[in-house]
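The block underneath contains the structure these notes are about, expressed in structure tokens.
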Amino acid sequence: MKKNLIYIILIAIIAVIAFVPGVKEKLQDTFFPIATIENAVHVTEEDYNIELQGINVPSTNLKVFKNKAVFLNFWGTWCPPCRKEWPSIQKLYDTRKGNVDFVLIAMNDQEDAVRKFLKENNYTVPVYIAQSPISEKILPKVFPTTYLLDKNGRIIIKEDASRDWNTETVHQFIDNIIK
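Residue numbers (numbering that gives the first Met the number 0): 0 to 178.
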């Protein structure tokens with residue numbers, strides 16, 4: 000009887016993992032993050048072609064960052080979760096700006112509001128406003144949305160929520176993509 004109960008519990012656990020939406024992906028992301036890398040989407044040459052007006056840096060085009068590791072973040076001064084993650088982005092930038100390029104694109108925002116936000120908080124991470132259309136592949140549906148791209152344009156991390164970016168896990172991802 001005890002043996003049958005164990006089998007039933009194991010079958011139930013396997014069924015939950017196999018058939019409940021999101022459980023398998025959550026477990027896979029937690030215990031096997033490399034699977035995320037293997038299934039990564041590539042950003043193409045056309046996707047990189049975005050004219051960027053520099054706010055605290057010179058204006059450029061995103062294609063300048065092709066073949067480089069890039070921390071690409073879409074945010075807005077009007078977005079509370081975006082504001083919440085900024086201190087951790089600044090800390091990550093301060094320690095990793097020599098290893099990865101940072102491109103933060105303010106969306107649906109006024110230039111003066113962005114400048115004021117950066118100045119009031121003493122933020123120095125490079126910030127831009129897109130001046131040309133953004134590819135559907137990377138265009139955010141929610142804010143903030145952040146991508147960590149490797150040198151080949153693979154999306155290694157895609158996060159469409161606020162998070163602490165100054166963690167050991169993120170530092171390890173950066174170390175792995177700059178090799």
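Each residue gets a CB set at the ideal place from its N, CA and C atoms; glycine is no exception.
Nearest neighbour of residue i, chosen from the options [CA to CA]
| i | options | result |
| --- | --- | --- |
| Val141 | Tyr6, Lys67 and Pro79 | Pro79 |
| Ile155 | Leu71, Phe18, Val102 and Trp77 | Leu71 |
| Cys81 | Leu51, Arg162 and Asn55 | Arg162 |
| Asn55 | Phe101, Pro86 and Asn175 | Phe101 |
| Ile88 | Tyr122, Asp108 and Asn60 | Tyr122 |
| Gly53 | Tyr146, Val124 and Glu167 | Val124 |
| Val126 | Lys157, Thr59 and Tyr47 | Thr59 |
Cβ-based neighbour list, residue i, same chain, cut-off 6 Å, excluding 5 preceding and 5 following
| i | result |
| --- | --- |
| Asp159 | Val141 and Thr144 |
| Asn98 | Ile173 and Ile177 |
| Ser202 | Here the chain covers residues 0 to 178 and nothing more, so residue 202 does not appear. |
| Arg95 | Ile173 |
CA-to-CA distance, residue j to residue i, given in whole angstroms
| i | j | result |
| --- | --- | --- |
| Phe73 | Tyr6 | 48 Å |
| Val40 | Val113 | 30 Å |
| Glu45 | Ser134 | 8 Å |
| Leu117 | Glu84 | 13 Å |
| Ile49 | Asp93 | 25 Å |
| Glu119 | Ile13 | 52 Å |
| Ile104 | Ile128 | 5 Å |
| Trp164 | Lys2 | 46 Å |
| Asn66 | Asp108 | 29 Å |
| Val42 | Lys115 | 32 Å |
| Thr166 | Asn175 | 14 Å |
Buried/exposed call for residue i, threshold 16 Cβ in 10 Å
| i | result |
| --- | --- |
| Gly75 | buried |
| Pro57 | exposed |
| Gly152 | buried |
| Glu179 | What is shown of the chain runs 0 to 178, which leaves residue 179 out entirely. |
| Phe64 | buried |
| Ala68 | buried |
| Asp149 | buried |
| Ile33 | Residue confidence for Ile33 is low, a pLDDT of 46 falling below 50, so the modelled location carries little weight; the figure read from the coordinates is stated next. So Ile33 ends up on the exposed side. |
| Ile137 | buried |
| Leu4 | exposed |
| Leu9 | exposed |
Paired residues, beta bridge with residue i - DSSP
| i | result |
| --- | --- |
| Tyr127 | Gly53 and Ile104 |
| Arg153 | His41 |
| Tyr146 | Leu71 and Lys157 |
| Thr59 | Leu51 |
Contact set for residue i: own chain, Cβ-Cβ below 7 Å, skip 5 residues either direction
| i | result |
| --- | --- |
| Val169 | Leu91 |
| Lys157 | Tyr146 |
Cutoff 8 Å; reference residue i; Cβ partners in own chain excluding five residues on either side
| i | result |
| --- | --- |
| Ile36 | For Ile36, the predicted structure reports a pLDDT of 46, less than 50, and the residue's modelled location is therefore unreliable. A value from the coordinates is still provided. Closer than 8 Å at the Cβ level, and outside the excluded window around Ile36, lie Arg153 and Ile155. |
| Pro139 | Phe73, Met106 and Asp159 |
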